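Novice: Below you will find the structure I want to go over with you.
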Amino acid sequence: RWYFRAGGLGEPPATAQTRVTEDELRSRELATATADVALLTLDQRPGEIVLLPDGLWHCTYNLRAAEGEGDSDEVVVGFGGPAGGVRRAQRGHTAS
Numbered sequence: 211r212w213y214f215r216a217g218g219l220g221e222p223p224a225t226a227q228t229r230v231t232e233d234e235l236r237s238r239e240l241a242t243a244t245a246d247v248a249l250l251t252l253d254q255r256p257g258e259i260v261l262l263p264d265g266l267w268h269c270t271y272n273l274r275a276a277e278g279e280g281d282s283d284e285v286v287v288g289f290g291g292p293a294g295g296v297r298r299a300q301r302g303h304t305a306s
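Last residue of the sequence shown? That's 306 in the numbering used here, and every number before it is there in order.
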């Protein structure tokens with residue numbers, strides 16, 4: 211699951227560069243959002259690619275596969291970031 215923060219004139223989100231649960235993310239971001247800020251979500255499916263424009267604040271959460279579906283040892287690999295590096299996050303961790 212992807213979370214995107216739209217608006218805010220480039221100001222960092224309340225949860226920028228921190229690990230928080232999805233509930234805390236939604237709570238803190240919505241509590242501190244101004245009228246021009248929206249918190250958007252997208253559930254990415256297998257085989258889909260998500261391309262983001264420069265400067266868009268975002269974070270990801272790995273969703274557990276439904277019972278009997280998917281691989282319990284799945285790994286998510288992300289390319290990009292502030293320095294163009296590669297990040298690797300295993301199930302349950304976040305990367306922003």
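For each residue, glycine too, the CB sits at the ideal point set by N, CA and C. Keep in mind the model is a prediction, meaning the values are calculated, not measured.
1. Can you find the residues in the same chain that come closer than 6 Å, C-beta to C-beta, to Tyr213, ignoring five residues on each side of it along the sequence?
2. When burial is assigned at 16 or more other CB atoms within 10 Å of the CB, is Pro207 buried or exposed?
3. Looking only at its chain, what residues have a beta carbon closer than 7 Å to the beta carbon of Thr225, apart from the 5 residues adjacent to it on each side?
4. Following a CB-centred definition, is Leu250 positioned closer than 7 Å to any heavy atom of the ligand ZN?
5. Pick helix, strand or coil for Arg238, following the three-state DSSP scheme.
6. Roughly how many angstroms separate the alpha carbons of Arg229 and Trp267, rounded to a whole number?
7. In the DSSP assignment, find the beta strand (DSSP E) that holds Ala226 and state where it starts and stops.
Specialist: So, from the data block:
1. Cβ contact annotation for Tyr213 (same chain, cutoff 6 Å, sequence separation greater than five): Thr251 and Cys269, in chain order.
2. The requested residue 207 is not part of the displayed model; the chain covers only 211 to 306.
3. Leu235, Arg238 and Glu239
4. Among the components of this structure there are no ligands whatsoever, and the ligand ZN is therefore not found.
5. helix
6. 14 Å
7. Here Ala226 belongs to no beta strand (DSSP E), and DSSP marks it neither H nor E.
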